[in-house]
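Structure first, commentary second.
In the working numbering, the protein residues as written are 236 to 295.
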């Protein structure tokens with residue numbers, strides 16, 4: 236294999252990796268945003284009930 240073929244192989248792998256990483260990041264962002272929106276819509280009931288919940292404290 237020539238060095239050009241090797242380089243293009245690495246480039247396509249890198250592009251795939253970046254694409255997958257971006258998809259994961261976007262899904263995580265949407266998940267966090269919808270969780271925050273749900274919490275703010277449900278209001279005080281959640282903040283009182285979830286005061287000891289470490290996950291909710293971490294998201295804030």
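Note that CB positions come from ideal geometry on N, CA and C, so glycine has one too.
A quick note: this is a predicted structure, and the numbers were derived from the prediction, not measured.
Alpha-carbon spacing of residue i relative to residue j, whole angstroms
i: residue 247; j: residue 275; result: 42 angstroms
i: residue 240; j: residue 269; result: 44 angstroms
i: residue 250; j: residue 264; result: 21 angstroms
i: residue 237; j: residue 245; result: 13 angstroms
i: residue 254; j: residue 261; result: 11 angstroms
Assigned secondary structure, residue i (DSSP; H/G/I helix, E/B strand, else coil)
i: residue 247; result: helix
i: residue 237; result: coil
i: residue 252; result: helix
Beta-carbon contacts of residue i that lie in its chain and below 8 angstroms, excluding the five residues immediately before and after
i: residue 259; result: none
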